[in-house]
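Quick note: the sequence shown uses the numbering used here, first residue 1361, plus one each step.
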Amino acid sequence: MSEIAMAEKAKQEPCLWTEDAPDGGWIGSCGIRWECDYETPKDNGMNFCPKCGRRLEQKGGTDERD
Ligand SMILES: [Zn+2]
């Protein structure tokens, strides 16, 4: 596998965000911590992690729809 292909694959790995209850904070697998006062990051239209730029995948919250 070429370096470019490996880099592309790495980019496709999602950044997994887990809810850090009870204060509405979320922690991403890249180390980001985000306060979400209202609903979940995805409910707020966040599809990508603002820190690492990867696709945002959230665990918990109300994102069981897709
Ligand atoms: Zn991230």
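Here a beta-carbon is modelled for each residue, glycine too, at the ideal position from N, C-alpha and C.
Query: Between which residues of its own chain and Lys1411 is the CB-CB distance below 6 Å, once the five residues before and five after are set aside?; Result: Cys1390 and Ile1392
Query: Around the Cβ of Gly1413, are there at least 16 other Cβ atoms within 10 angstroms (buried) or fewer (exposed)?; Result: exposed
Query: Going by DSSP, name the residue or residues bridged to Gln1387.; Result: The question names Gln, but residue 1387 in the sequence shown is Ile. BP columns for Ile1387 point to Thr1378 and Arg1393.
Query: Measuring alpha carbon to alpha carbon, tell me which residue in Lys1402, Glu1363 and Glu1373 is nearest Glu1420.; Result: A quick correction: the sequence has Gly, not Glu, at residue 1420. Checking every option, the nearest Cα to that of Gly1420 belongs to Lys1402.
Query: Under the rule that 16 or more other beta-carbon atoms within 10 Å means buried, what is Gly1405, buried or exposed?; Result: exposed
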